[in-house]
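Enquirer: In my numbering, the protein residues as written are 4 to 391.
As structure tokens, then:
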């Protein structure tokens, strides 16, 4: 049986998070040069290297003296970050500033390079897993080992301390149940009732779409080492007239452009208000034949303007408060297993997450596996699926 969530009751979101889901560019990971003119505009040089606390108590005091933390690509509606901002500010009295909330991971790295040594350089990033090694290779990241690191699984942290992934999501299917039957699997979507009603963003441009192809590969005999069956699956759907283009999942569902969409589970939590307004019966499920999950990392930048506030923000994301905030949106906190065992995850947060059975099936791809999959998709998707 699929993990099925009925009409969502979690916090609503604006379209900004949904746009960001589509623009976290996979192409940037293989060399696309992106700039941020707005962020790169003239600004004062950053202050000289600051003292960095050696304990969490010292970090808190110094962060409060710094007064703010500068983030980039953190929409309030993505993974419930708006609640985290409010909680962090209330607890520590440190203001959260966010530049270019809808920037892609590639744009985040470009911003760090463009703003190096300036007061507007971001302190902390939120990047797709495939961007972590390029960021390290370009000497953009600082080492920091959070106090809760022992409770973070090995697959969600860098062994040398360059980054930690505070949350992850599961690829899900969002369906307008008024238009089509709710499928249980990728196999079900080959039923003729879905012709002309399925939309997928270009996986050459977005991490959630790449995840969709990975999930389809797992559902059709592929593996994390072999995404080819996923490409073949969508090529078959395209040839059969099943696929349609759309601007966004929200637009597709609300206007009737499509009835079947794909995204991270926590992004669907932001569609409730818009779907209710459009009278759409949104049903969200994890396909039983293709369970795929992946994470985003929150590294501190090298020589960040507010190094203590940066460290305190990462501590917040891994704290019980930060983890619960993530979970309430459906984003799985990195410390989920430890909190589950300790009984510190409230029922409200548990109810928003995929089932324990689904979570147990997730295996994260390595950077090499992701690179190989991306190369194959870039080579084949245009001709075989997009008709280019």
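Where a beta carbon is used, it is the ideal one built from N, C-alpha and C, also for glycine.
(1) Roughly how many angstroms lie between the CA atoms of residue 307 and residue 194, to the nearest whole one?
(2) Can you give, in chain order, each stretch of the beta strand (DSSP E) that sits fully within the segment 117–159 and has at least 3 residues?
(3) Taking the Cβ atom as the reference point for each residue, do residue 172 and residue 81 lie within a distance shorter than 7 angstroms?
(4) By DSSP, does residue 163 sit in helix, in strand, or in coil?
(5) Quick one: grab the DSSP three-state call for residue 81.
(6) Between the Cα of residue 390 and the Cα atoms of 237, 132, 120, which residue gives the shortest distance?
(7) Below 8 angstroms CB to CB, which residues in the same chain sit around residue 365 once its five sequence neighbours on both sides are set aside?
(8) Taking the alpha helix (DSSP H) that residue 331 falls in, what are its first and last residues?
(9) Output the distance between the C-alpha atoms of residue 190 and residue 224, rounded to the nearest integer angstrom.
(10) Would you kindly report the start and end of the unbroken beta strand (DSSP E) that includes residue 266?
(11) I'd like the ranges of any beta strand (DSSP E) spanning at least 3 consecutive residues and lying wholly in the segment 279–344.
(12) Quick check: residue 352 and residue 380, are their CB atoms within less than 7 angstroms of each other?
(13) For residue 86, which residues of its own chain have a beta-carbon under 6 angstroms away from its beta-carbon, when the five flanking residues on both sides are left out?
(14) When we look at the beta-carbon of residue 273 and count the other beta-carbons within 10 Å, is it buried (16 or more) or exposed?
(15) Whole angstroms are fine: how far does the CA of residue 337 sit from the CA of residue 169?
(16) Since I believe residue 302 is in contact with residue 138 (beta carbons under 8 angstroms), could you give me their beta-carbon distance rounded to a whole number of angstroms?
(17) Is the segment 352–361 touching the segment 213–227 in the sense that three or more CB pairs, one from each, lie closer than 8 angstroms?
(18) Let me know the secondary structure DSSP gives residue 198 once reduced to three states.
(19) Suppose contacts are defined by Cβ-Cβ distances below 7 angstroms. Is residue 245 in contact with residue 334 by that definition?
(20) Roughly how many angstroms lie between the CA atoms of residue 371 and residue 114, to the nearest whole one?
(21) Using only the alpha-carbon positions, how far apart do residue 373 and residue 133 sit?
(22) For residue 152, which of 167, 141, 146 has the nearest alpha-carbon?
(23) Bridge partners of residue 388, per DSSP?
(24) Quick check: residue 69 and residue 312, are their CB atoms within less than 7 angstroms of each other?
(25) For residue 271, name the three-state secondary structure that DSSP assigns.
(26) What span of residues does the alpha helix (DSSP H) with residue 211 cover, start to end?
(27) Along the beta strand (DSSP E) that carries residue 74, what are the first and last residues, could you check?
(28) For residue 62 and residue 103, I'd like the C-alpha separation in whole angstroms.
(29) What residue range does the beta strand (DSSP E) around residue 394 cover?
(30) On the criterion of 16 or more Cβ atoms from any shown chain inside 10 Å, does residue 149 qualify as buried, or is it exposed?
(31) Using the rule of at least 16 other Cβ atoms within 10 Å of the residue's Cβ for burial, across every protein chain shown, is residue 131 buried or exposed?
(32) What residues in its chain sit with their C-beta under 7 angstroms from that of residue 99, if we drop five residues either side in the sequence?
(33) Taking 7 angstroms as the threshold (C-beta atoms), are residue 202 and residue 255 in contact?
(34) In chain order, what residues of the same chain have a beta carbon less than 7 angstroms from the beta carbon of residue 277, not counting five sequence neighbours either side?
(35) Return yes when the Cβ of residue 316 is within less than 7 angstroms of the Cβ of residue 127, no when it is not.
Expert: Let me lay it out:
(1) Numbered from its first residue, the chain shown carries residue 307 at position 304. Numbered from its first residue, the chain shown carries residue 194 at position 191. Each residue's Cα considered, the two are about 53 angstroms apart.
(2) none
(3) Taking the first residue of the chain shown as 1, we reach residue 172 at position 169. Taking the first residue of the chain shown as 1, we reach residue 81 at position 78. Their beta carbons are not under 7 angstroms apart, which means residue 172 does not touch residue 81 by this criterion.
(4) If you number the chain shown from 1, residue 163 lands on position 160. Coil at residue 163, not helix or strand.
(5) On the chain shown, residue 81 is found 78 positions in, with the first residue counted as 1. Correct three-state label for residue 81: coil.
(6) Against the chain shown, residue 390 aligns to sequence position 387. That would be 237, whose Cα lies nearest to the Cα of residue 390.
(7) By one-based count along the chain shown, residue 365 stands at place 362. Excluding positions up to five away in sequence, the list reads 171, 173, 294, 295, 296.
(8) Here residue 331 corresponds to residue number 328 of the chain shown, with the count starting at 1. 323–331 is the extent of the alpha helix (DSSP H) around residue 331.
(9) Position 187 of the chain shown, counted from the first residue, corresponds to residue 190. Position 221 of the chain shown, counted from the first residue, corresponds to residue 224. Going from the Cα of residue 190 to the Cα of residue 224 covers about 12 angstroms.
(10) As a working mapping, residue 266 is identified with position 263 in the chain shown. Per DSSP, residue 266 belongs to the beta strand (DSSP E) from 263–267.
(11) 285–289, 296–300
(12) Start at 1 with the first residue of the chain shown, and residue 352 comes out as number 349. Start at 1 with the first residue of the chain shown, and residue 380 comes out as number 377. Result no, Cβ atoms of residue 352 and residue 380 do not sit closer than 7 angstroms.
(13) Counting from 1 along the chain shown, the entry for residue 86 is found at position 83. The answer, listed in chain order, is 328.
(14) On the chain shown, residue 273 is found 270 positions in, with the first residue counted as 1. Buried.
(15) Against the chain shown, residue 169 aligns to sequence position 166. Against the chain shown, residue 337 aligns to sequence position 334. The straight-line gap from Cα to Cα measures roughly 5 angstroms.
(16) As a first step, residue 138 must be located in the chain shown, where it is residue number 135. As a first step, residue 302 must be located in the chain shown, where it is residue number 299. Going by Cβ atoms, the distance from residue 138 to residue 302 rounds to 6 angstroms, so yes, they are a contact pair.
(17) Taking 8 angstroms as the limit for Cβ pairs, the verdict is that the segment 352–361 does not touch the segment 213–227.
(18) On the chain shown, residue 198 is found 195 positions in, with the first residue counted as 1. Note: residue 198 maps to coil in three-state DSSP.
(19) For this step, residue 245 is matched to residue 242 along the chain shown. For this step, residue 334 is matched to residue 331 along the chain shown. Cβ atoms of residue 245 and residue 334: not closer than 7 angstroms.
(20) For this step, residue 371 is matched to residue 368 along the chain shown. For this step, residue 114 is matched to residue 111 along the chain shown. Distance from the CA of residue 371 to the CA of residue 114, rounded to the nearest whole angstrom, comes to 25 angstroms.
(21) For the purposes of this step, residue 373 is identified with residue 370 of the chain shown, where counting begins at 1. For the purposes of this step, residue 133 is identified with residue 130 of the chain shown, where counting begins at 1. Looking at the two C-alpha atoms, the distance is approximately 7 angstroms.
(22) Walking along the chain shown from the start, residue 152 turns up at place 149. Closest by alpha carbon: 167.
(23) Here the question's residue 388 lines up with position 385 in the chain shown. Answer by DSSP bridge pairing: none, since residue 388 is not bridged.
(24) Taking the first residue of the chain shown as position 1, residue 69 is located at position 66. Taking the first residue of the chain shown as position 1, residue 312 is located at position 309. Yes, the pair counts as a contact, with Cβ atoms nearer than the cut-off.
(25) Taking the first residue of the chain shown as 1, we reach residue 271 at position 268. Shown here, residue 271 sits in a helix according to DSSP, grouped into three states.
(26) Within the chain shown, the letter at position 208 stands for residue 211. Residue 211 -> alpha helix (DSSP H) spans 210–222.
(27) Mapped onto the chain shown, residue 74 falls at position 71. Here the beta strand (DSSP E) through residue 74 covers 71–75.
(28) As a first step, residue 62 is located in the chain shown; it is residue number 59 there, counting from the start. As a first step, residue 103 is located in the chain shown; it is residue number 100 there, counting from the start. So the alpha carbons of these two residues sit roughly 26 angstroms apart.
(29) Summary: the structure shown does not reach residue 394, with the chain confined to residues 4 through 391, and so no result is reported for it.
(30) As a working note, residue 149 is residue 146 in the chain shown. So residue 149 counts as buried.
(31) Along the chain shown, one-based indexing puts residue 131 at 128. The residue is buried, with at least 16 neighbouring Cβ atoms inside 10 Å.
(32) The residue labelled residue 99 in the question sits at position 96 within the chain shown. 72, 74, 88, 91, 92.
(33) Sequence index remark: in the chain shown, residue 255 carries index 252 (1-based). Sequence index remark: in the chain shown, residue 202 carries index 199 (1-based). Against a cut-off of 7 angstroms, the Cβ pair of residue 202 and residue 255 comes out as a contact.
(34) Translated into positions along the chain shown, residue 277 becomes position 274. Within the same chain, residue 277 has close Cβ partners 253, 257.
(35) As a working mapping, residue 127 is identified with position 124 in the chain shown. As a working mapping, residue 316 is identified with position 313 in the chain shown. For residue 127 and residue 316, yes; Cβs fall inside 7 angstroms.
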